[in-house]
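Novice: Counting in our numbering, the final residue of the sequence shown is number 1220, and the numbers go up one at a time with none missing.
Positions of the beta carbon are idealized from the N, C-alpha and C atoms, including for glycine.
Take a look at this one; I'll ask things after.
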Amino acid sequence: MEEEIAHLRSLDLIGLQCRWQSVMGRPAPEHLPKHLLFGILAYRIQADALGDLDAATVQLLKRAATVQSLNEVLPLVAAQDQRKQAMVLGTVLTREWNGQLHRVMVVEGGFAFEGKTFDSLSGIAFAITGTNWNGPRFFGLRAGNGKRLRT
């Protein structure tokens, strides 16, 4: 998958349009610029390899697209109970800490972070911050009051 996406970066517009045809099974929309073709193709390749968005996330995104402000989006996101959803292999959790974006992938046997496998999110939160954290809370899977996020 990573090699395939790296190869996409080297393609010109015509190459991306040809790749679109083979991945999507139809011609690329003529109006899409190179950077959008690349982004959509990269997403599709990753989704095919790791699994696409679940129905609840698709519904959340559709609802979020209809709201007028960020203040309306935040309650929608908070309402989605991410803890109830099984952590599917390949799921990537992200957290910004001190201006740096950290990515953690759910793998068999735990969580992958910076080339190491951890048993818990709390261990990763400690590796990032140097202090003890509740891992699910640190990655936004639990509300600040210790309760699960509710739908």
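Across the region 1117-1135 and the region 1178-1190, are there enough close Cβ pairs to call them in contact, namely three or more that are closer than 8 Å?
Specialist: Result no; under three Cβ-Cβ pairs closer than 8 Å.
Novice: Within a Cβ cutoff of 8 Å, which residues of the same chain sit near W1202, ignoring the five residues on either side of it in sequence?
Specialist: Translated into positions along the sequence shown, residue 1202 becomes position 133. So the qualifying residues of the chain are S1191, A1194 and F1195.
Novice: If you draw a straight line from the alpha carbon of I1114 to that of H1076, how long is it in whole angstroms?
Specialist: By one-based count along the sequence shown, residue 1114 stands at place 45. By one-based count along the sequence shown, residue 1076 stands at place 7. About 12 Å.
Novice: Which same chain residues, not among the five before or five after L1170, have their C-beta less than 8 Å away from its C-beta?
Specialist: For this step, residue 1170 is matched to residue 101 along the sequence shown. Excluding sequence neighbours, L1170 sits near T1163 and R1164.
Novice: Give the DSSP-derived three-state secondary structure of T1126 in the structure shown.
Specialist: Here residue 1126 refers to the residue found at position 57 when the sequence shown is read from its first residue. In this structure, T1126 counts as helix in the three-state DSSP scheme.
Novice: On the premise that L1082 lies in contact with L1110, defined as a C-beta separation below 8 Å, what is that separation, rounded to the nearest angstrom?
Specialist: Along the sequence shown, read from residue 1 onward, the residue named residue 1110 stands at position 41. Along the sequence shown, read from residue 1 onward, the residue named residue 1082 stands at position 13. So it is not a contact: roughly 12 Å between Cβ atoms.
Novice: On a Cα-Cα basis, can you pick out the residue from R1206, W1089 and F1182 that is closest to A1097?
Specialist: As a first step, residue 1097 must be located in the sequence shown, where it is residue number 28. It is W1089.
Novice: State buried or exposed for P1226, treating a residue as buried only when at least 16 other CB atoms are found within 10 Å of its CB.
Specialist: This structure cannot settle anything about residue 1226, because the visible part of the chain is limited to 1070 through 1220.
Novice: Just reading off the alpha helix (DSSP H) that T1163 is part of, what are its end residues?
Specialist: One-based indexing of the sequence shown puts residue 1163 at position 94. Careful: T1163 lies outside any alpha helix (DSSP H), inside the beta strand (DSSP E) at V1161 to W1166.
Novice: Expressed to the nearest angstrom, what Euclidean distance is found between the alpha-carbon atoms of V1127 and G1184?
Specialist: One-based indexing of the sequence shown puts residue 1127 at position 58. One-based indexing of the sequence shown puts residue 1184 at position 115. Rounded to whole angstroms, V1127 to G1184 spans 30 Å at the Cα level.
Novice: With DSSP as the reference, label F1187 as helix, strand or coil.
Specialist: Along the sequence shown, one-based indexing puts residue 1187 at 118. Here F1187 sits in strand by DSSP.
Novice: Counting along the chain, where does the alpha helix (DSSP H) carrying M1174 start and finish?
Specialist: Translated into positions along the sequence shown, residue 1174 becomes position 105. M1174 -> not in any alpha helix (DSSP H); beta strand (DSSP E) instead, spanning Q1169 to V1176.
Novice: How should G1215 be labelled, buried or exposed, when 16 other C-beta atoms within 10 angstroms of its C-beta is the threshold for buried?
Specialist: As a first step, residue 1215 is located in the sequence shown; it is residue number 146 there, counting from the start. Confidence at G1215 is low in this model, with a pLDDT of 49, below 50, so the placement of that residue is unreliable and no value is reported for it.
Novice: Which residues share a DSSP beta bridge with A1181?
Specialist: One-based indexing of the sequence shown puts residue 1181 at position 112. Paired residue(s): M1174 and T1186.
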